[in-house]
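Visitor:
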Amino acid sequence: MTDPSPSTRDRLLQAGLSLFQEQGFHGTSVAEILTRAKAPKGSLYHHFPDGKSDLARVACRMTSDLMLNIIARAYDPAVDFAEGTARMAEKFARLFERDAHWRACPVQTLLIDGPLDRADGAAMLQTWIDATTVQAERLGQQESDRAARTVWSVLIGSWTLARAQDDPAPLREMTTLLNMPAPTPKEPPR
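Per full-length UniProt numbering, residue 1 is the first one in the sequence shown, and the count goes up by one each step.
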């Protein structure tokens, strides 16, 4: 049995998110979103009454939920915080290689060049830090909140450098910057 086709709303979200990551919010037109989503005119405003801005906010929240899932999948099987961080860095490096809309941090992109206000962006980033802090505590990491903030500061900087260089190496090297063992897991992201 095959999976049903994505709904128009889901196609619009995926198209918008990809285009925002590739071209920035202001560099992306509604027409481009509709074309990439293979969606009829008017469908964007049917699903997102405030138009492109509404779509961007919903897409960012959706991606934030995916980020929380990636954090859990990286740290849950880890035996210590360093291993979980290495696993997470590798997951983001593989996503960077595989999928254009993971070429930049979604919150960072829409915070700098889009409708996401500072408070919304800060709240989303804080959920990632909080989830990482919980994992750090579970794994016995000292100063777990500070460790989680440091991981995210280095990760977002590494992500920016990876995008500028069009190379995932900075993501893979971030554990070195954190004085942690280099990534060893070779599993594909799920």
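Just so it is clear, CB atoms sit at the ideal spot from N, CA and C, and this is done for glycine as well.
Taking the alpha helix (DSSP H) that residue 103 falls in, what are its first and last residues?
Guide: Position 103 of the sequence shown, counted from the start, is the residue given in the question as residue 103. No alpha helix (DSSP H) contains residue 103, which DSSP labels as neither H nor E.
Visitor: List, from N- to C-terminal side, the alpha helix (DSSP H) runs of 4 residues or more that fit wholly inside the region 33 to 108.
Guide: 43 to 47, 52 to 75, 81 to 98
Visitor: Quick one: Cα of residue 130 to Cα of residue 59, how far?
Guide: For the purposes of this step, residue 130 is taken as residue 130 along the sequence shown, with counting starting at 1. For the purposes of this step, residue 59 is taken as residue 59 along the sequence shown, with counting starting at 1. Approximately 21 angstroms, taken between the alpha carbons.
Visitor: Could you name the residues of the same chain whose beta carbon sits closer than 8 angstroms to that of residue 41, not counting the 5 residues immediately before and after it, in chain order?
Guide: Within the sequence shown, the letter at position 41 stands for residue 41. Counting only Cβ-Cβ distances below 8 angstroms, and skipping sequence neighbours, we find 34.
Visitor: Buried or exposed: where does residue 66 fall if 16 or more other Cβ atoms within 10 Å of its Cβ makes it buried?
Guide: Sequence index remark: in the sequence shown, residue 66 carries index 66 (1-based). Classification for residue 66: exposed.
Visitor: Between which two residues does the alpha helix (DSSP H) containing residue 170 stretch?
Guide: Taking the first residue of the sequence shown as 1, we reach residue 170 at position 170. Looking at the DSSP string, the run of the alpha helix (DSSP H) that includes residue 170 is 169 to 177.
Visitor: Would you check if the distance between the CB atom of residue 56 and the CB atom of residue 116 is smaller than 8 angstroms?
Guide: By one-based count along the sequence shown, residue 56 stands at place 56. By one-based count along the sequence shown, residue 116 stands at place 116. Yes, the Cβ-Cβ distance between residue 56 and residue 116 is below 8 angstroms.
Visitor: Below 8 angstroms between beta carbons: does that hold for residue 78 and residue 84?
Guide: Position 78 of the sequence shown, counted from the first residue, corresponds to residue 78. Position 84 of the sequence shown, counted from the first residue, corresponds to residue 84. Cβ atoms of residue 78 and residue 84: closer than 8 angstroms.
Visitor: Sort 163, 80, 177 by Cα distance to residue 137 and report the nearest one.
Guide: On the sequence shown, position 137 is the one that residue 137 refers to. Shortest Cα-Cα distance from residue 137 to any of 163, 80, 177 involves 80.
Visitor: Would you mind stating whether residue 172 and residue 104 have Cβ atoms separated by less than 8 angstroms?
Guide: Walking along the sequence shown from the start, residue 172 turns up at place 172. Walking along the sequence shown from the start, residue 104 turns up at place 104. For residue 172 and residue 104, no; Cβs fall outside 8 angstroms.
Visitor: Between residue 14 and residue 109, is the Cβ-Cβ spacing less than 8 angstroms?
Guide: Numbered from its first residue, the sequence shown carries residue 14 at position 14. Numbered from its first residue, the sequence shown carries residue 109 at position 109. Against a cut-off of 8 angstroms, the Cβ pair of residue 109 and residue 14 comes out as no contact.
Visitor: Suppose you measure from the CA of residue 174 to the CA of residue 86; what does that come to, to the nearest Å?
Guide: Counting from one through the sequence shown, the residue named residue 174 turns up at place 174. Counting from one through the sequence shown, the residue named residue 86 turns up at place 86. Just so you know, the alpha carbons of residue 174 and residue 86 end up roughly 8 angstroms apart.
Visitor: Around the Cβ of residue 4, are there at least 16 other Cβ atoms within 10 angstroms (buried) or fewer (exposed)?
Guide: The residue you call residue 4 lines up with position 4 of the sequence shown. So residue 4 counts as exposed.
Visitor: Could you tell me whether the Cβ atoms of residue 176 and residue 152 are closer together than 8 angstroms?
Guide: Taking the first residue of the sequence shown as 1, we reach residue 176 at position 176. Taking the first residue of the sequence shown as 1, we reach residue 152 at position 152. Not closer than 8 angstroms, so no.
Visitor: Give every residue of the same chain whose Cβ lies closer than 6 angstroms to the Cβ of residue 102, excluding the five residues on either side of it in the sequence, and list them in chain order.
Guide: Within the sequence shown, the letter at position 102 stands for residue 102. These residues qualify, in order along the chain: 95, 96.
Visitor: Quick check on residue 163: buried or exposed, where buried means 16 or more other Cβ atoms within 10 Å of its Cβ?
Guide: As a working note, residue 163 is residue 163 in the sequence shown. Result: buried.
Visitor: To which residues of the same chain is residue 74 closer than 6 angstroms at the C-beta, ignoring the five residues directly before and after it?
Guide: Stepping through the sequence shown from its first residue, residue 74 is reached at position 74. 84, 87, 88, 91, listed in sequence order.
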